[in-house]
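Structure first, commentary second.
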Amino acid sequence: MKEPLVGRVYSILNSHFGPLYWWPAKTPFEVMVGAILTQNTSWANVEKAINLLKQNKMLSIKALRQAKLDVIQKNIRPSGFFVQKSERIKRLIGLIDSEFKGSISFMANQPLPQLREMLLATNGIGPETADSILLYALQKPVFVVDAYTRRIFGRIGLLVGTETYEEVRCVFEKNIEAETYNQYHALIVETAKNFCKKRVPLCIECPLSGLKLCNPKLFL
DNA sequence: GCCCAGGTGGGTA
DNA sequence: TACCCACATGGG
Numbered sequence: 007m008k009e010p011l012v013g014r015v016y017s018i019l020n021s022h023f024g025p026l027y028w029w030p031a032k033t034p035f036e037v038m039v040g041a042i043l044t045q046n047t048s049w050a051n052v053e054k055a056i057n058l059l060k061q062n063k064m065l066s067i068k069a070l071r072q073a074k075l076d077v078i079q080k081n082i083r084p085s086g087f088f089v090q091k092s093e094r095i096k097r098l099i100g101l102i103d104s105e106f107k108g109s110i111s112f113m114a115n116q117p118l119p120q121l122r123e124m125l126l127a128t129n130g131i132g133p134e135t136a137d138s139i140l141l142y143a144l145q146k147p148v149f150v151v152d153a154y155t156r157r158i159f160g161r162i163g164l165l166v167g168t169e170t171y172e173e174v175r176c177v178f179e180k181n182i183e184a185e186t187y188n189q190y191h192a193l194i195v196e197t198a199k200n201f202c203k204k205r206v207p208l209c210i211e212c213p214l215s216g217l218k219l220c221n222p223k224l225f226l
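Residues in the first sequence are numbered consecutively from 7, following the numbering used here.
This is the structure in structure tokens:
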């Protein structure tokens with residue numbers, strides 16, 4: 007079937023970009039906040055919000071726990087959807103406090119299935135946000151599926167577009183090593199940022215024939 | 001001025 | 001299940 011392509015694409019992208027050391031954040035909690043702020047939002051706008059939070063010494067679980075909603079909203083305004091996102095940040099902190107003693111390191115020691123279930127049960131945390139938190143903040147072996155993943159692998163022909171989130175995640179998790187989940191998602195985002203808007207012709211080596219397939223009508 | 005961005009949840013048929 | 005829509009800012 008087509009699935010071995012998942013591993014092949016990883017090799018191609020990894021040799022092109024090299025290690026990317028994701029997620030772009032200094033602490034696990036910063037990853038969590040970033041994961042909420044980036045919901046349907048360009049990273050450039052998220053960075054503005056993150057920088058505001060840093061400037062105002064708001065980017066800690068303690069500070070955001072104490073902060074009122076309207077204060078959080080002023081800080082995260084550049085990332086858009088700031089009313090919803092401020093509530094989502096509060097709910098995430100509420101989960102950490104009520105279920106994990108307010109401790110992210112304690113949270114990280116809990117088993118993956120329960121963690122994922124609790125995150126998904128939190129209003130405003132869907133599968134992508136949950137998995138970004140699990141993988142990049144808590145170091146759990148989960149592959150993150152995002153719009154870039156669907157776009158790139160749709161163009162390649164590996165996805166038809168009707169797959170559910172869980173179906174796409176399973177395709178990746180079955181075909182690559184857990185140690186590469188972190189780097190692979192980073193490579194996908196990097197690829198999309200570098201190529202999708204520039205309309206670079208799709209070019210990939212066929213794993214069976216070893217021939218390079220170039221389709222000038224298909225673009226990443 | 002228009003389109004889109006590293007989603008999510010709620011409503012409707 | 002399969003669509004629709006609201007949510008909001010900032011860059012191209």
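All C-beta atoms, glycine included, are put in the ideal place defined by N, C-alpha and C. Predicted model only: the values in this text are computed from it and were never measured.
Where does serine 92 fall in DSSP's three states?
The residue given as residue 92 occupies position 86 in the first sequence. Serine 92: helix per DSSP, three-state reduction.
I'd like to check one pair, asparagine 181 with glycine 13: are the Cβ atoms closer than 9 Å?
Walking along the first sequence from the start, residue 13 turns up at place 7. Walking along the first sequence from the start, residue 181 turns up at place 175. Yes, the Cβ-Cβ distance between glycine 13 and asparagine 181 is below 9 Å.
Suppose you measure from the CA of arginine 94 to the CA of asparagine 129; what does that come to, to the nearest Å?
Against the first sequence, residue 94 aligns to sequence position 88. Against the first sequence, residue 129 aligns to sequence position 123. Distance between the alpha carbons of arginine 94 and asparagine 129 is about 7 Å.
On the three-state DSSP scale, how would you describe glycine 40?
The count along the first sequence starts at 1 and reaches residue 40 at position 34. DSSP places glycine 40 in helix when its eight states are reduced to three.
I need the DSSP call for glycine 160, collapsed to helix, strand or coil.
Indexing the first sequence from 1 puts residue 160 at position 154. Correct three-state label for glycine 160: helix.
Going by C-alpha to C-alpha distance, which of Glu36, Leu19 and Val166 sits closest to tyrosine 142?
Working through the first sequence from its first residue, we reach residue 142 at position 136. For the residues Glu36, Leu19 and Val166, the minimum Cα distance to tyrosine 142 belongs to Glu36.
Measuring only the C-alpha atoms, how far is proline 25 from valine 195?
Here residue 25 refers to the residue found at position 19 when the first sequence is read from its first residue. Here residue 195 refers to the residue found at position 189 when the first sequence is read from its first residue. Rounded to the nearest angstrom, the two C-alpha atoms are 13 Å apart.
Please state the DSSP three-state secondary structure of proline 147.
Position 141 of the first sequence, counted from the start, is the residue given in the question as residue 147. Note: proline 147 maps to coil in three-state DSSP.
Please report the distance separating the alpha-carbon of leucine 165 from that of glutamine 79.
Locating residue 165 in the first sequence gives position 159, counting from the first residue. Locating residue 79 in the first sequence gives position 73, counting from the first residue. Looking at the two C-alpha atoms, the distance is approximately 37 Å.
How do the stretch 15–24 and the stretch 53–64 stand: do at least 3 beta-carbon pairs fall below 8 Å, yes or no?
The stretch 15–24 vs the stretch 53–64: no contact.
Let me check understanding here. Comparing Cα to Cα, which of Asn188, Ala153, Phe112 and Glu185 lies closest to valine 174?
In the first sequence, residue 174 corresponds to position 168, counting from 1. Taking only the C-alpha atoms, the option nearest valine 174 is Ala153.
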